[in-house]
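J.: Under my numbering, the residues of the sequence shown are numbered -7 to 84, in order. Note that CB positions come from ideal geometry on N, CA and C, so glycine has one too. Because the structure is a prediction, the values reported are computed rather than measured. Sharing a structure here in structure tokens format.
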Amino acid sequence: MPIAMARHILVKTEAEAAQLKKRLAAGEAFDVLAKKHSTCPSKKRGGDLGEVKPGQMVRAIDQIIFKKPLKQIHGPVKTQFGYHLVQVFFRD
């Protein structure tokens, strides 16, 4: 079964996610922004989701983790939880 490592930032609005994405593009640290702004419990780990297997995350996030290019910031992606910015480190 495939496995991947990813991190994300979850916020309530698309505008907030877009603003954070701009800050990331300008060089701000992902983990620092996740700790400060994310509403997910993973914020304590800088947004780190750890090892993820297919089906563990909601479908929209699964699609990013297992199909999109590595080491890029993807999103904002809307789910029932809010808006996500996702970065995938590796997949095996």
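(1) Looking only at C-alpha atoms, which of Met(-3), Lys28, Ala(-2) sits nearest to Leu12?
(2) Taking 8 Å as the threshold (C-beta atoms), are Leu16 and Leu25 in contact?
(3) Taking Thr71 as the reference, which of Glu6, Pro(-6), Ile(-5) has the closest Cα?
(4) Quick one: give me the first and last residue of the beta strand (DSSP E) that Arg37 is part of.
(5) Using DSSP with H/G/I as helix, E/B as strand and the rest coil, what is Gln48?
(6) Inspect the beta-carbon positions of Phe81 and Lys59 and report whether they are closer than 8 Å.
T.: In brief:
(1) Position 20 of the sequence shown, counting from 1, holds the residue named residue 12. The shortest Cα separation from Leu12 among Met(-3), Lys28, Ala(-2) belongs to Lys28.
(2) Mapped onto the sequence shown, residue 25 falls at position 33. Mapped onto the sequence shown, residue 16 falls at position 24. Cβ atoms of Leu25 and Leu16: closer than 8 Å.
(3) Indexing the sequence shown from 1 puts residue 71 at position 79. Comparing Cα positions, the closest option is Glu6.
(4) In the sequence shown, counting from the first residue as 1, residue 37 sits at position 45. Run containing Arg37: none; DSSP gives neither H nor E here.
(5) Within the sequence shown, the letter at position 56 stands for residue 48. If DSSP states are grouped into helix, strand and coil, Gln48 belongs with coil.
(6) Counting from 1 along the sequence shown, the entry for residue 81 is found at position 89. Counting from 1 along the sequence shown, the entry for residue 59 is found at position 67. Against a cut-off of 8 Å, the Cβ pair of Lys59 and Phe81 comes out as no contact.
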